[in-house]
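The structure appears right after this line, and notes come after that.
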Amino acid sequence: LLVEAGKLTWDSRAVDVLPEFQLSDPSITPHVLMRDLVGQSVGFGEDNIMNYNSRYTRKEIIGLIRTLPLRVPFRSECAYQQFGPIVATAIVERITDTPWEDFVEREVCGRLGLKETFASYFRMPDKSVACDPHIDLGDGKMSVIPHRNFDALSATGGMTSSLRDMETWFSVFACGGSANGSRVLSEATVEEMLTPRVAVRRNGIHPQRWASRYEANFISYGLGWYAHDFAGRRINEHTGALEGFLVLGCSVPSERVAVVILTNQHASASINPLRYLLLGH
């Protein structure tokens, strides 16, 4: 949205907007662009300051990034993590002078009429309609666990939504930027986001991301979206996982089809078979 409004470009340097953003290798810091932050190509790996038990705020996490080693060379492969999107969130806040939660609920949910989507569980006005997270506590059974506060992770997958609203969201990207008669992005912006950009390597930092894509010849990452091939089509998709939840959404632009699978358990063997059963139809 900010790119379309002319407030920044995909090639804007992160440090120009957010000077406090610094990497452990200072020679790389000035080369990190917006497309690197949302395109998972900086080279971060998963680190303990960003896990389910973390109590750091987003501001504290950004301050700690300078202490983290890069796990793979800059722009060498897709190294999925939350640090890049969290920095992008701070850039949105700096440019708009608006909390990210307010911005996304107004500019995205408001434009698309997503009445069941909130920036975090704790912003839901009626929590009685929320499903409960489930996890295996070591006894082989799925047990209900309490909702924990993941607000620091909201912009990286911690939002609360419904099947109806997520169907609309993934349809936006299956249908060139609009759904239900409402346009939120231009076709050119959507294609820029969905286009494969940095490789997910079979022998790289995330080999499991090959194992979960059936008969894929390529797996890549665009701007906030995975891309892989299936049955001669490009599938753009993303999973989302928090403690007790695992979800998957797919957009197939060539067919104008969206697929959304929601579960309220921490691990589910059904997600990938369901994905390809539905895509196969």
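Residue numbering for the sequence shown follows this note's numbering, beginning at 5 and increasing consecutively.
Ideal placement from N, C-alpha and C gives every residue a C-beta, glycine not left out.
Here the structure is a predicted model, which means the values were calculated and not measured.
Buried or exposed, going by whether 16 or more other CB atoms sit within 10 Å of the CB of residue i?
i: residue 353; result: Outside the shown range of the chain (5 to 285) lies residue 353, about which nothing can therefore be said.
i: residue 144; result: exposed
i: residue 29; result: exposed
i: residue 133; result: exposed
i: residue 281; result: exposed
i: residue 279; result: buried
i: residue 198; result: buried
i: residue 40; result: buried
i: residue 189; result: buried
i: residue 141; result: exposed
i: residue 258; result: exposed
i: residue 62; result: buried
i: residue 272; result: buried
Enumerate in chain order the residues of its own chain whose CB-to-CB distance from residue i is below 6 angstroms, with the five nearest sequence positions on each side excluded.
i: residue 235; result: none
i: residue 11; result: 99
i: residue 254; result: 239, 241, 263
i: residue 104; result: 93, 96, 97, 159
i: residue 237; result: 256, 258
i: residue 33; result: 19, 26, 27
Excluding the 5 residues preceding and the 5 following residue i in the sequence, name in chain order all residues of the same chain whose CB lies nearer than 7 angstroms to its CB.
i: residue 100; result: 107
i: residue 244; result: 161, 251
i: residue 42; result: 88, 89, 92, 227, 228
i: residue 73; result: 28
Using a threshold of 8 angstroms, state whether the C-beta atoms of residue i and residue j are closer than that.
i: residue 167; j: residue 263; result: no
i: residue 246; j: residue 162; result: yes
i: residue 81; j: residue 202; result: yes
i: residue 117; j: residue 186; result: yes
i: residue 129; j: residue 249; result: no
i: residue 191; j: residue 180; result: yes
i: residue 109; j: residue 122; result: yes
i: residue 47; j: residue 78; result: yes
i: residue 65; j: residue 54; result: yes
i: residue 216; j: residue 153; result: no
i: residue 200; j: residue 231; result: yes
Report the CB separation of residue i from residue j in whole angstroms; it is logged as a contact under 8 angstroms.
i: residue 6; j: residue 96; result: 7 angstroms
i: residue 37; j: residue 18; result: 7 angstroms
i: residue 115; j: residue 178; result: Incorrect: roughly 17 angstroms between the Cβ atoms, too far for contact.
i: residue 124; j: residue 169; result: The Cβ separation is near 15 angstroms, so there is no contact.
Keeping to the same chain, check which residues put their C-beta closer than 8 angstroms to that of residue i; ignore five residues upstream and five downstream.
i: residue 214; result: 204, 206, 220, 223
i: residue 44; result: 82, 83, 84, 85, 88, 202, 225
i: residue 139; result: 146, 147, 149, 247, 248, 269, 270
i: residue 172; result: 116, 117, 118, 183, 184
i: residue 14; result: 7, 37, 38, 39, 196, 227
i: residue 174; result: 253, 254, 255, 262, 263, 264
i: residue 35; result: 17, 78
Threshold first: 3 residues or longer. Then list the beta strand (DSSP E) segments lying entirely within the region 14-79, N to C.
none
Jot down the residue ranges of each uninterrupted alpha helix (DSSP H) in the region 248-276, minimum 4 residues, whole runs only, in chain order.
none
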